[in-house]
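With the sequence shown counted from 1, adding 16 to any position gets you full-length UniProt numbering. Cβ atoms here follow ideal geometry from the backbone N, Cα and C, with glycine treated the same way. Before any comments, here is the structure.
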Amino acid sequence: ADETEAFVARQPRSRALGSRAGHLAGGVTSNWQITEPQAVWISHGAGSKVYDVDGCEYADFHGGYGVSLAGHAHPAVVAAVRGRVARGTHFAQPTEDAIVVADDLADRFDQPLWRFANSGTEATMDAVHLMRAATGRDRILKVEGCYHGHHDSVEVSVLPEPDDPIGPPERPTGVPDNTGIPAAIMDLVTVVPFNDVDAVERALLEQGDEVAGMILEPIMMNAGIIHPDEGYLAELRDVLHRHGALLAFDEVKTGLTVGPGGVSRALGVTPDLVCLAKAMGGGLPTAAIGGSEAVMSLIADGRYEQVGTFNGNPLGMAAARAMLTEVLTPAAYEHLERLRDRLETGLQDVIDRHGLPWRVVTAGAKGCVSFLAEPIRDFRGFLRLDDRYGHAHWLVQHNRGVFLPPWGKVEQWLLSVQHTDEDVDRLVVNCDHLASRLVT
Ligand code: PLP
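Next comes the structure, spelled out in structure tokens:
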């Protein structure tokens, strides 16, 4: 309660803007901007910091839900966007930057053909459509607890509250994650648990000739962080291919953040399709879908019309080019890994010293405190996390100059190439403060 009071006391201007926003539905521009006790209105960002309208400075570990891998106003991104904006920002015709971006992504992700879109939702929607178009089948397999954006086929069994998941763990019943999802669409989605190839094989034996493919986050990132078991992804690809079905990796969150070529490259498993968004645009709304010749030829020859007025938008392409060719260098990844190690070690030390039943889980520049001592292998395991700590951790960090993503146990922090040791240490010290108060 005292942390909530302190939060409110620090933010009178945010509160005033919230009261002025009567014509914004819900007072914000996306439901996930609603934070408790009130929304935080931002003034600007610079380097690793964001500043709210009340003048408070935060080391930004929110990263705009996994976007700000470059940090804020990175000179290379600013120069690229400035150079483009003065020469016109939209023509609905390709610009040369798109070639450089596609070449770079082809190299990083080992996928020969690429197209662009504007959000992760669009990229995963294209992936689902392409799997259906390529196989002539309608059903998709999706993993319980994976989030792929807000289109019909994938808003199924995403973030249910503990009471919601139904059906046995090895054969979950699909539940809509939003209103407005037609029952007819739900009938075309089979939900399977993460890290369970047998469940996928069973679904394929029962429904194989209906299944177009499977979409999943290769490291689950919307349920804390859940790593795949060794061999899981490669086995998935084999079993799907044996049944004539395809595999799509949703690397919207993991893409460039866990390493230069995402999970695909880190674990050496190349899927049929890969979806990117978030960090690739350096803060601009840009997304990409890459894939094999066999699947992407459907786009090339017009059998699948991958279209969009803003696809390959020149501003987004200029920013993505700067991200890929100037920001995300091998030295940048070394810096991120060093900071990751410092943060992981610092937090684990706090947890051990205070004897808390928590763990630190990381994947490249992303990480989280998991409020459970045991490792988690799937979404039902994640639901066992102690939910009391997520929000308390967020508030304590926020009141002491660290902006974490607001969804307590669900979300992860993101380091940026502009973060420093001091930023990391601030997060560790604040966690120590919370831990001391919990154990006394
Ligand atoms: N896929 C994953 C794994 C995501 O985490 C998200 C968003 O958080 C999306 C897709 C949807 O991306 P967007 O919000 O850009 O539509």
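Using CA atoms only, rank isn't needed, just tell me which of the options is closest to residue i.
i           : options            : result
residue 75  : 451, 418, 429      : 418
residue 365 : 280, 171, 350, 448 : 448
residue 159 : 185, 153, 134      : 185
residue 444 : 429, 434, 433      : 429
residue 393 : 98, 161, 88        : 161
residue 316 : 199, 216, 150, 454 : 150
residue 442 : 64, 58, 40         : 64
residue 81  : 434, 320, 270      : 270
residue 195 : 98, 171, 231       : 171
residue 114 : 337, 148, 368, 144 : 337
residue 124 : 278, 333, 350, 93  : 278
residue 451 : 396, 253, 372      : 372
residue 210 : 397, 229, 99, 102  : 397
residue 399 : 288, 66, 324, 238  : 238
residue 369 : 139, 230, 455      : 455
residue 351 : 320, 280, 391, 432 : 432
For residue i, name the three-state secondary structure that DSSP assigns.
i           : result
residue 217 : helix
residue 410 : helix
residue 398 : helix
residue 418 : strand
residue 328 : coil
residue 184 : coil
residue 5   : Summary: the structure shown does not reach residue 5, with the chain confined to residues 17 through 456, and so no result is reported for it.
residue 48  : helix
Kindly list the residues whose CB is nearer than 8 Å to the CB of residue i, restricted to its own chain and excluding five residues on each side of it in sequence; keep chain order.
i           : result
residue 224 : 259, 260, 261
residue 274 : 235, 282, 379, 380, 381, 382
Among residues of its own chain, excluding the 5 on either side of residue i, which ones have a beta-carbon nearer than 6 Å to its beta-carbon?
i           : result
residue 130 : 118, 121, 304, 306
residue 29  : 69, 70
Check whether the Cβ of residue i lies closer than 7 Å to any heavy atom of the ligand PLP, and answer yes or no.
i           : result
residue 145 : no
residue 159 : no
residue 296 : no
residue 293 : yes
residue 47  : no
residue 230 : no
residue 238 : yes
residue 266 : yes
residue 140 : yes
residue 425 : no
residue 269 : yes
In chain order, what residues of the same chain lie with their CB nearer than 7 Å to the CB of residue i, ignoring the 5 residues before and after it?
i           : result
residue 410 : 420, 422, 424
residue 437 : 358
residue 363 : 376, 385, 444, 447
Between the C-alpha atoms of residue i and residue j, what's the straight-line distance to the nearest angstrom?
i           : j           : result
residue 340 : residue 296 : 7 Å
residue 182 : residue 346 : 45 Å
residue 374 : residue 406 : 11 Å
residue 190 : residue 220 : 16 Å
residue 343 : residue 222 : 47 Å
residue 414 : residue 38  : 26 Å
residue 299 : residue 84  : 6 Å
residue 77  : residue 226 : 42 Å
residue 308 : residue 88  : 34 Å
residue 240 : residue 402 : 12 Å
residue 45  : residue 58  : 13 Å
residue 427 : residue 148 : 30 Å
residue 214 : residue 264 : 18 Å
residue 23  : residue 192 : 34 Å
residue 412 : residue 19  : 7 Å
Any Cβ of chain B within less than 8 Å of the Cβ of residue i?
i           : result
residue 192 : No chain B appears in the structure shown, which is made up of a single protein chain.
Just to confirm, does residue i get its C-beta within under 7 Å of one of the non-hydrogen atoms of the ligand MG?
i           : result
residue 233 : Here the bound small molecules are the ligand PLP; the ligand MG is not part of this structure.
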